[in-house]
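Asks: Questions regarding the structure given below will be posed in turn.
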Amino acid sequence: MLNIVLFGPPGAGKGTQSEKIIDQYQLTHISTGDLFRKHLSHGTELGLLAKTYMDEGNLVPDDVVIQMVELKIIEDRESRGVIFDGFPRTVNQANALDNMLEKSGQTISGMILLEVEEDELRKRILLRGQSSGRSDDQDLEKINNRIRVYQAETLPVANYYQGQGKLYKVHGIGSIDDIFRGICSVLDKLL
Ligand code: AMP
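So in the numbering used here, spot 150 of the sequence shown is number 137, and the numbers just go up one at a time.
Have a look at this one:
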C-alpha cells in the first residue's frame, strides 16, 4: 500500500498533481476541501457548518474533519493506497490519521511537500478564482488569511512527518509535468 500525504500551502498545486498521481499509481484521492465542497453543494448540515469556516479561510474544527475522513477511509478500504490532499492540516489531525491507519495495520508511506513562494501562491489562487467560482479564491484578504493559517497551524505537520523520517520536499514551481516528474521520483522510491 502506498499512502501519501500531499502537502503544501494553498495554491501549491496539490489538486492538480493529485489527479496525475492517482492516474499513474491507481490510488484513491481523499481531498478534505473537495469533500466539504461536495457536502455544501448537497446542502448537508456538515457542508453548511464547514462553510462558515471556509468562507473566512479558517480551518474547520479537527473533530469534524477527522470524523469525515474516518468514514471515507472505511468506504475506500479496498483501495491500493490513498493520496491525502489537504489533510492532515494540524498535528492533532496527523496523530488521528496515524491512529486510524494503524487499526488496519497501515501507515503513511511519505509526505510530499510542494514548495512554492508566497507571491506565486497569491497569483495562482487569484487566477484559479476566475474559473473555480470558489469565493475563498477571489478575495485577497481571505487568501492572505489562508496563507497565515497554513504557516501557523499547518506547517508544524511537516515537522511531525520529518520526525518520522517521512518528509520529501519537491520544488513546486515550473511546468506541471516537471513538478510531476519530481513527485514520481519520490513515489517510485517509496513503492
Ligand atoms: P482546500 O480545498 O484544501 O484549499 O480547502 C478549502 C477549505 O476547506 C480550507 O480553507 C478550510 O477551511 C477547509 N479545510 C479543508 N481541509 C481541511 C482540514 N484538513 N482541516 C481543516 N479545514 C479544512
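Just so it is clear, CB atoms sit at the ideal spot from N, CA and C, and this is done for glycine as well.
This one's a predicted model, so the numbers in the text were calculated from it and none came from an experiment.
In three-state DSSP terms, what is isoleucine 166?
Replies: helix
Asks: Using 7 angstroms as the cut-off, classify the Cβ of leucine 154 as near or not near the heavy atoms of the ligand AMP, replying yes or no.
Replies: no
Asks: For phenylalanine 23, which option in Lys7, Tyr148, Asp10, Tyr40 has the closest C-alpha, if you only look at C-alpha atoms?
Replies: When only C-alpha atoms are compared, the closest one is Tyr40.
Asks: According to DSSP, what are the bridge partners of phenylalanine 71?
Replies: Beta-bridge pairing links phenylalanine 71 to Val(-8), Ile17.
Asks: Output the residue ranges of the alpha helix (DSSP H) runs that lie fully inside the region 99 to 158 and measure 4 residues or longer, sorted by chain position.
Replies: 105 to 119, 127 to 136, 143 to 150
Asks: Under 8 angstroms by Cβ, that's how I've got glycine 152 and glycine -5 pegged, so tell me the actual separation to the nearest angstrom.
Replies: At roughly 19 angstroms, the Cβ-Cβ gap does not stay under 8 angstroms, so glycine 152 and glycine -5 are not in contact.
Asks: Buried or exposed: where does glycine 161 fall if 16 or more other Cβ atoms within 10 Å of its Cβ makes it buried?
Replies: exposed
Asks: Please name the residue or residues paired with glycine 97 in a DSSP beta bridge.
Replies: Answer is Ile(-9), bridged to glycine 97.
Asks: Alpha carbon to alpha carbon, how far is arginine 76 from glycine 20? Give it in angstroms, no decimals.
Replies: 11 angstroms
Asks: How long is the line joining the alpha carbons of glycine 73 and leucine -7, rounded to whole angstroms?
Replies: 7 angstroms
Asks: On the CB-based measure, 16 or more other CB atoms within 10 Å of its CB, does isoleucine 61 come out buried or exposed?
Replies: exposed
Asks: Does the distance from the C-beta atom of tyrosine 137 to that of valine 78 stay below 8 angstroms?
Replies: no
Asks: On the three-state DSSP scale, how would you describe serine 5?
Replies: Judged by DSSP in its simplified three-state form, serine 5 adopts helix.
Asks: How about valine 52 and glutamine 93: are their beta carbons less than 8 angstroms apart?
Replies: no
Asks: My assumption, with CB atoms under 8 angstroms, is that arginine 133 sits in contact with proline -3. Please give the rounded CB distance.
Replies: 5 angstroms
Asks: Let me know the secondary structure DSSP gives arginine 24 once reduced to three states.
Replies: helix
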